[in-house]
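J.: Pasting a structure here, questions to come.
2 protein chains.
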Amino acid sequence: MTATVQRLDAHAPSLEPMLRLVAGDMDHVNAVIVDRMRSDIPLIPELAGHLIAGGGKRMRPMLTLASARLLGYEGARHHVLAAAVEFIHTATLLHDDVVDGSDLRRGKRTANIIWGNPASVLVGDFLFSRSFELMVEAESLKVLRILSNASAVIAEGEVNQLTAARRIDLPEERYLDIIDAKTAALFAAACRIAAVVAERPEADEAALDAYGRNLGIAFQLVDDAIDYVSDAGTMGKDAGDDFREGKMTLPVILALARGDETDRKFWKDAVEGRRASDADFAHAIDLVRKTRAVDDTLARARHYGQRAIDAIAGFPASKAKDAMVEAVAFAVARAY
Amino acid sequence: MTATVQRLDAHAPSLEPMLRLVAGDMDHVNAVIVDRMRSDIPLIPELAGHLIAGGGKRMRPMLTLASARLLGYEGARHHVLAAAVEFIHTATLLHDDVVDGSDLRRGKRTANIIWGNPASVLVGDFLFSRSFELMVEAESLKVLRILSNASAVIAEGEVNQLTAARRIDLPEERYLDIIDAKTAALFAAACRIAAVVAERPEADEAALDAYGRNLGIAFQLVDDAIDYVSDAGTMGKDAGDDFREGKMTLPVILALARGDETDRKFWKDAVEGRRASDADFAHAIDLVRKTRAVDDTLARARHYGQRAIDAIAGFPASKAKDAMVEAVAFAVARAY
């Protein structure tokens with residue numbers, strides 16, 4: 002008998018098994034979300050609903066629910082926490098779009114474009130406050146500790162990214178620190194809190210944290226790669242958005258390091274905002290192809306994806322585990 | 002023997018007794034504040050320190066400390082909570098200045114002017130997250146419930162104010178709802194949590210909540226009045242700021258209601274942004290004087306001030322009580 006080693010390339014990956022796994026729980030989470038974004042101030046549910054009802058994948062609450070299944074948790078205490086996680090994420094998106102001046106998200110006009118920056122900032126604050134109210138209802142100081150820490154780390158990561166903006170000299174290590182904070186921390190926390198609710202030992206918490214964290218990094222790397230390969234609409238995100246905003250992402254970092262003097266001059270001009278035309282973007286795509294920068298960004302993503310899968314290798318076989326493995330495979334395959 | 006009725010006009014009011022009362026505790030709170038705004042990302046302590054170290058009165062943490070003294074609490078658990086309250090307040094100020102596009106606060110250039118809106122939004126988020134981390138450290142779910150609720154109410158109040166912006170038809174009742182949420186809620190929570198930490202009965206919590214809430218309303222009313230009487234610098238705020246931003250505050254609501262057709266036309270033009278010159282502001286001051294709108298805004302402030310004082314009438318006489326009464330008198334006397 003040989004060991005079963007689960008591999009990323011084992012099958013055509015889909016998010017379906019995870020969606021099916023958590024469908025019943027997600028109905029409860031959605032009910033909490035709809036109920037708790039209510040307010041006497043009509044602008045709040047209107048603006049929040051635009052984003053929350055707007056076709057997001059609910060990836061983070063889904064991870065809380067799937068992790069709870071993996072642990073065989075049968076209760077309902079995690080529903081309100083999964084909603085809190087989604088509120089934190091939504092608040093972050095609202096503020097991100099203000100910070101980046103974005104005009105499109107998930108294929109729709111952003112809230113800041115429709116209602117203005119002030120409304121997006123304040124409704125983000127409301128959702129963030131509401132997420133803590135939800136956590137308090139669950140009465141777990143440990144969960145509150147995990148999620149308040151994740152929130153501080155996210156904000157720190159966003160500030161780190163802001164101070165790195167339009168800086169051509171960003172090393173891969175610092176870029177990884179940034180996405181670890183601004184994306185992976187909430188993935189990790191979303192998974193970890195399931196183990197807290199299920200009252201499992203610290204080792205299970207750590208395993209789920211590692212699963213979420215590595216999946217989060219993989220997820221962000223693929224997002225960054227997609228900017229240089231996809232057509233508008235694949236992710237509800239315009240190809241070239243990051244390029245036009247002069248964002249330092251891994252495809253740029255690799256293409257820059259591997260390019261010649263002329264290429265480096267081009268990237269410097271682009272990152273510092275002097276090259277943002279369609280022709281410039283076409284040239285950028287040429288450069289990332291020539292240097293295999295997108296391929297290798299995706300290879301890095303698969304590395305983290307495999308680590309995510311191995312982090313939960315110790316849990317017994319189950320539908321939940323299969324779904325969690327396949328979700329990783331799906332996440333890293335999105336760019337193809 | 003006659004009852005001792007404490008009255009607002011009993012003495013020349015000062016904040017000194019309260020400052021002296023809490024000086025030792027405040028050293029501990031300041032140490033927590035300095036320690037917890039640290040970050041590996043230099044922009045965070047730099048930007049946060051600009052506002053936090055920038056000569057604020059620390060009114061809200063001071064109220065937590067004074068309330069604890071009133072209750073005879075001898076412990077130190079409230080220090081970290083008082084710091085959390087100041088962090089919530091600071092996060093709110095950072096976001097407020099972005100929302101209002103303000104350029105001056107406490108006599109200094111605002112963070113959004115120096116570092117830009119994105120940095121102010123994100124550092125605000127960081128401080129807000131950090132405040133919840135501090136609350137978790139204090140391990141009181143009840144305090145977490147009070148402060149997360151206050152935070153949601155503040156954000157709701159800010160959105161309410163935003164949707165009321167430049168609307169000439171704002172009734173006094175809705176204006177009071179707005180300041181109850183955006184200012185008084187945190188004053189109330191700051192006082193109430195002292196009773197929770199001191200493990201006092203619900204009646205004491207409610208009394209301190211009422212003290213803080215009424216003081217907060219009085220405080221905001223006086224702030225709104227000062228905009229129409231003071232010279233730049235009295236509050237580190239320019240006289241006429243609210244006027245030039247077309248803000249509906251109580252002086253405007255009263256002057257509008259009491260004015261004739263010509264006056265009403267003037268106020269409508271001002272609130273809708275068509276009159277914001279120095280000459281317009283001079284005319285506005287004439288109108289609020291003629292209609293006694295500032296005097297009566299201050300009379301309303303004294304009404305709430307007296308209610309604040311009466312809310313703590315049931316507590317035994319003490320230095321803390323005297324200081325809390327005098328702080329109210331000071332707050333409502335600021336405009337003279």
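Here the protein sequences come in this chain order: G and Y. According to this note's numbering, the stretch in the first sequence is residues 2 to 337, in order. According to this note's numbering, the stretch in the second sequence is residues 2 to 337, in order. Ideal Cβ placement from N, Cα and C applies to all residues, glycine included.
1. Please determine if the stretch 190-208 of chain G and the stretch 288-296 of chain G are in contact, where contact requires at least 3 C-beta pairs separated by less than 8 angstroms.
2. When you check each C-beta in the stretch 199-225 of chain G against every C-beta of chain Y, which residues fall closer than 7 angstroms?
3. Using a Cβ-Cβ cut-off of 8 angstroms (strictly less than) and excluding sequence neighbours within five positions of Leu-71(Y), which residues of its own chain qualify?
4. When Cβ atoms are compared, which residues of the stretch 122-140 of chain Y fall closer than 7 angstroms to chain G?
5. Alpha carbon to alpha carbon, what distance is there between Met-38(Y) and Met-218(G)?
6. Report buried or exposed for Pro-14(Y), applying the criterion of at least 16 other Cβ atoms within 10 angstroms of its Cβ.
7. If you run the structure through DSSP and keep just helix, strand and coil, what is Arg-58(Y)?
8. Can you tell which of Thr-91(G), Val-23(G) and Glu-138(G) has its C-alpha closest to the C-alpha of Val-122(G)?
9. Apply the 10 Å Cβ neighbour rule to Ser-278(Y) and answer buried if 16 or more other Cβ atoms are within range, or exposed otherwise.
10. In chain order, which alpha helix (DSSP H) runs of at least 4 residues are fully inside the stretch 272-299 of chain Y?
11. Distance cutoff 9 angstroms, beta carbons only. Does Val-272(G) sit that close to anything in chain Y?
12. Apart from the five residues on each side of it in sequence, which residues of its chain come closer than 6 angstroms, Cβ to Cβ, to Arg-245(Y)?
13. Under 6 angstroms Cβ to Cβ from Glu-173(G), same chain only, skipping five residues before and after it: list those, please.
14. Give me whichever residues DSSP pairs with Leu-105(G) in a beta bridge.
15. Anything in the stretch 149-171 of chain Y with a Cβ closer than 7 angstroms to a Cβ of chain G? List those residues in chain order, please.
16. Is it true that the CB of Ile-115(Y) sits closer than 9 angstroms to the CB of Leu-216(Y)?
17. Is any beta-carbon of chain G found at less than 9 angstroms from that of Ile-42(Y)?
18. Does DSSP classify Arg-201(G) as helix, strand or coil?
19. Determine whether the beta carbon atoms of Leu-251(Y) and Ile-169(Y) lie at a separation below 9 angstroms.
20. Determine the direct distance from the alpha carbon of Ser-149(G) to that of Val-35(Y), and round the result to whole angstroms.
21. Can you tell me which of the three DSSP states Met-19(G) falls into?
22. Please identify, using Cβ separations under 7 angstroms, the residues of the stretch 89-105 of chain G that lie next to chain Y, in order along the chain.
23. Taking all protein chains shown into account, do 16 or more other C-beta atoms lie within 10 angstroms of the C-beta of Arg-110(G), making it buried, or fewer, making it exposed?
24. Can you tell me which of Leu-142(G), Ala-153(G), Phe-133(G) and Ala-139(G) puts its alpha carbon nearest to the alpha carbon of Phe-127(Y)?
25. Considering only C-alpha positions, which residue in the set Ala-330(Y), Ile-42(Y), Gly-25(Y) and Phe-188(Y) is nearest to Ala-85(Y)?
26. Output needed for Pro-18(G): all residues of its chain with C-beta closer than 7 angstroms, excluding positions within five of it in sequence on either side, in chain order.
27. Identify which residue in Leu-16(Y), Asp-242(Y), Lys-248(Y) and Ser-40(Y) has its Cα closest to the Cα of Val-124(Y).
28. Quick one: what does DSSP say Pro-46(Y) is sitting in, helix, strand or coil?
29. Can you name, in chain order, every residue of its own chain whose Cβ lies under 7 angstroms from the Cβ of Phe-331(G), other than the five neighbours on each side?
30. Of all the options Gly-102(G), Gln-307(G), Arg-131(G) and Arg-61(G), which has the alpha carbon lying nearest to the alpha carbon of Ala-117(G)?
31. When we look at the beta-carbon of Ala-226(Y) and count the other beta-carbons within 10 Å, is it buried (16 or more) or exposed?
32. Which chain Y residues are close to Pro-119(G), counting only those with a beta carbon under 7 angstroms from its beta carbon?
33. Note down the Cα distance separating Val-198(G) from Glu-138(Y), rounded to an integer number of angstroms.
34. Have a look at Arg-275(G) and Asp-104(G) and give me their C-alpha separation to the nearest angstrom.
35. Alpha carbon to alpha carbon, how far is Ala-302(Y) from Arg-335(Y)? Give it in angstroms, no decimals.
36. Just to confirm my understanding: we take Val-30(G), look at its own chain, exclude 5 residues before and 5 after, and list those with CB closer than 6 angstroms. What are they?
T.: Working from what's here:
1. no
2. none
3. Here residue 71(Y) refers to the residue found at position 70 of the second sequence. Excluding sequence neighbours, Leu-71(Y) sits near Ala-195, Leu-209, Ile-313, Phe-316, Ser-319, Ala-321, Lys-322 and Met-325.
4. Val-122, Leu-123, Val-124, Asp-126, Phe-127, Phe-129, Ser-130, Arg-131, Phe-133, Glu-134, Val-137 and Glu-140
5. Here residue 218(G) refers to the residue found at position 217 of the first sequence. Here residue 38(Y) refers to the residue found at position 37 of the second sequence. The displayed chain sequence assigns Ile, not Met, to residue 218(G). Looking at the two C-alpha atoms, the distance is approximately 27 angstroms.
6. Here residue 14(Y) refers to the residue found at position 13 when the second sequence is read from its first residue. Classification of Pro-14(Y): buried, given that the 10 Å Cβ count is 16 or more.
7. Here residue 58(Y) is taken as the residue at index 57 of the second sequence, counted from 1. Reading the sequence as shown, one finds Lys at residue 58(Y) and not Arg. Looking at Lys-58(Y) - three-state DSSP - the assignment turns out to be coil, as it is neither helix nor strand.
8. Mapped onto the first sequence, residue 122(G) falls at position 121. Val-122(G) has its Cα closest to that of Thr-91(G), out of Thr-91(G), Val-23(G) and Glu-138(G).
9. Walking along the second sequence from the start, residue 278(Y) turns up at place 277. Looking at its Cβ environment, which holds fewer than 16 other Cβ atoms inside 10 Å, Ser-278(Y) is exposed.
10. Annotation note: the stretch 272-299 of chain Y contains the following uninterrupted alpha helix (DSSP H) runs of length 4 or greater, listed N- to C-terminal: 279-291.
11. Walking along the first sequence from the start, residue 272(G) turns up at place 271. Not closer than 9 angstroms to any Cβ of chain Y, the Cβ of Val-272(G) fails to qualify, so no.
12. Translated into positions along the second sequence, residue 245(Y) becomes position 244. Contacts found: Ala-277.
13. For the purposes of this step, residue 173(G) is taken as residue 172 along the first sequence, with counting starting at 1. Excluding residues within five positions, the ones whose Cβ falls inside 6 angstroms are Ile-254.
14. To locate residue 105(G), count along the first sequence from 1; it is residue 104. In the DSSP assignment, the residues bridged to Leu-105(G) are Arg-110(G).
15. Residues of the stretch 149-171 of chain Y whose Cβ lies closer than 7 angstroms to any Cβ of chain G, in chain order: Ser-149, Asn-150, Ser-152, Ala-153, Ala-156, Glu-157, Glu-159, Val-160, Asn-161, Leu-163 and Thr-164.
16. As a first step, residue 216(Y) is located in the second sequence; it is residue number 215 there, counting from the start. As a first step, residue 115(Y) is located in the second sequence; it is residue number 114 there, counting from the start. Result no, Cβ atoms of Leu-216(Y) and Ile-115(Y) do not sit closer than 9 angstroms.
17. One-based indexing of the second sequence puts residue 42(Y) at position 41. It does; some Cβ of chain G falls within 9 angstroms.
18. Position 200 of the first sequence, counted from the start, is the residue given in the question as residue 201(G). Coil at Arg-201(G), not helix or strand.
19. Here residue 251(Y) refers to the residue found at position 250 of the second sequence. Here residue 169(Y) refers to the residue found at position 168 of the second sequence. Not in contact: Leu-251(Y) and Ile-169(Y) (Cβ atoms no closer than 9 angstroms).
20. The count along the second sequence starts at 1 and reaches residue 35(Y) at position 34. The count along the first sequence starts at 1 and reaches residue 149(G) at position 148. One alpha carbon belongs to Val-35(Y), the other to Ser-149(G), and they sit about 19 angstroms apart.
21. Your numbering for residue 19(G) matches position 18 in the first sequence. Here Met-19(G) sits in helix by DSSP.
22. His-96, Val-99 and Val-100
23. Position 109 of the first sequence, counted from the start, is the residue given in the question as residue 110(G). Arg-110(G) is exposed by the Cβ-count criterion.
24. As a position in the second sequence, residue 127(Y) is number 126, starting the count at 1. Of the listed residues, the one whose Cα sits closest to Phe-127(Y) is Ala-153(G).
25. The residue you call residue 85(Y) lines up with position 84 of the second sequence. It is Phe-188(Y).
26. For the purposes of this step, residue 18(G) is taken as residue 17 along the first sequence, with counting starting at 1. Closer than 7 angstroms at Cβ, skipping near neighbours: Asp-323, Ala-324 and Glu-327.
27. Along the second sequence, one-based indexing puts residue 124(Y) at 123. Residue Ser-40(Y) is the option with its Cα nearest to Val-124(Y).
28. For the purposes of this step, residue 46(Y) is taken as the residue at position 45 of the second sequence. DSSP places Pro-46(Y) in helix when its eight states are reduced to three.
29. Along the first sequence, one-based indexing puts residue 331(G) at 330. Correct list, in chain order: Pro-14, Ser-15 and Leu-16.
30. Locating residue 117(G) in the first sequence gives position 116, where the first residue counts as 1. Per the sequence shown, the amino acid found at residue 117(G) is Gly instead of Ala. Taking the Cα of Gly-117(G) as reference, the smallest distance to any Cα among Gly-102(G), Gln-307(G), Arg-131(G) and Arg-61(G) is reached at Gly-102(G).
31. For the purposes of this step, residue 226(Y) is taken as residue 225 along the second sequence, with counting starting at 1. Buried: at least 16 other Cβ atoms inside 10 Å.
32. For the purposes of this step, residue 119(G) is taken as residue 118 along the first sequence, with counting starting at 1. Chain Y residues near Pro-119(G): Val-100 and Leu-163.
33. Indexing the first sequence from 1 puts residue 198(G) at position 197. Indexing the second sequence from 1 puts residue 138(Y) at position 137. Approximately 19 angstroms, taken between the alpha carbons.
34. Taking the first sequence and counting its residues from 1, one reaches residue 275(G) at position 274. Taking the first sequence and counting its residues from 1, one reaches residue 104(G) at position 103. Cα to Cα, the separation comes out at about 20 angstroms.
35. Translated into positions along the second sequence, residue 335(Y) becomes position 334. Translated into positions along the second sequence, residue 302(Y) becomes position 301. Near 11 angstroms, if we compare the C-alpha coordinates of Ala-302(Y) and Arg-335(Y).
36. Taking the first residue of the first sequence as position 1, residue 30(G) is located at position 29. Contacts found: Pro-62, His-80, Ala-83 and Ala-84.
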